[in-house]
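Some notes on the structure that comes next.
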Amino acid sequence: MYQPARTHEVRKKRVSKMGHKLGFRVHANGLTAADLKEIEVEFVNDEWLFDLHWFTNGVEPYSVQSLPLVVECEWNPRRKGDSKTLYSGIKYDFQKLLIANADLRLMIFKIAKETELEVLGGYFNSAIQKRSFNPLII
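Numbering of the sequence shown is given in my numbering, commencing with residue 115 and proceeding in unit increments.
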């Protein structure tokens, strides 16, 4: 039996393990107790801004020194309550990646037909080209 939610968790587990092996702290959500035991590293099984991310702590409490990777995963093409916009669930999560100040950004999603990838690819490219943010001034 195909279980997309569990497939999603297996991918998260693998990316979490990789982050730990590379020496990063990892936050992820949706992993089981067995997954955590297999990873063999104490970390937070909780979502913080993204479905999964790797980071290094800064010197001061509550500071982040680096954010090498952020990941968003979406298996439902439409957001709950949004019946008008095609792929709203995927687009919503992709928007989070656009604003992330991370070295790498990964979007994992499921499609039914290859033609859907063409449509979403057009959206992704357009959204990236339209992205413009002012620099952070402190």
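Even glycine gets a Cβ: it sits at the ideal position worked out from N, Cα and C.
* To do: Would you mind working out which of 201, 172, 142, 227 sits nearest residue 185, comparing C-alpha positions?
  => Position 71 of the sequence shown, counted from the start, is the residue given in the question as residue 185. The shortest Cα separation from residue 185 among 201, 172, 142, 227 belongs to 142.
inquiry  = For residue 125, would you say it is in contact with chain C, using Cβ-to-Cβ distances shorter than 8 Å as the test?
reply    = Of the protein chains in this structure there is only one, and it is not chain C.
Practice item. Helix, strand or coil for residue 200, going by three-state DSSP, please let me know. Key: Counted from its first residue, the sequence shown places residue 200 at position 86. In the structure shown, residue 200 sits in coil (DSSP, three-state: anything other than H, G, I, E or B).
- If you run the structure through DSSP and keep just helix, strand and coil, what is residue 142? What you label residue 142 is simply residue 28 of the sequence shown in a count that begins at 1. Of the three classes helix, strand and coil, the one that applies to residue 142 here is strand, per DSSP.
Cutoff 6 Å; reference residue 168; Cβ partners in own chain excluding five residues on either side: What you label residue 168 is simply residue 54 of the sequence shown in a count that begins at 1. Closer than 6 Å at Cβ, skipping near neighbours: 133, 138, 140, 182, 183.
Q) Tell me which same chain residues have a C-beta within less than 7 Å of the C-beta of residue 190, skipping the five on either side of it? A) In the sequence shown, counting from the first residue as 1, residue 190 sits at position 76. 203, listed in sequence order.
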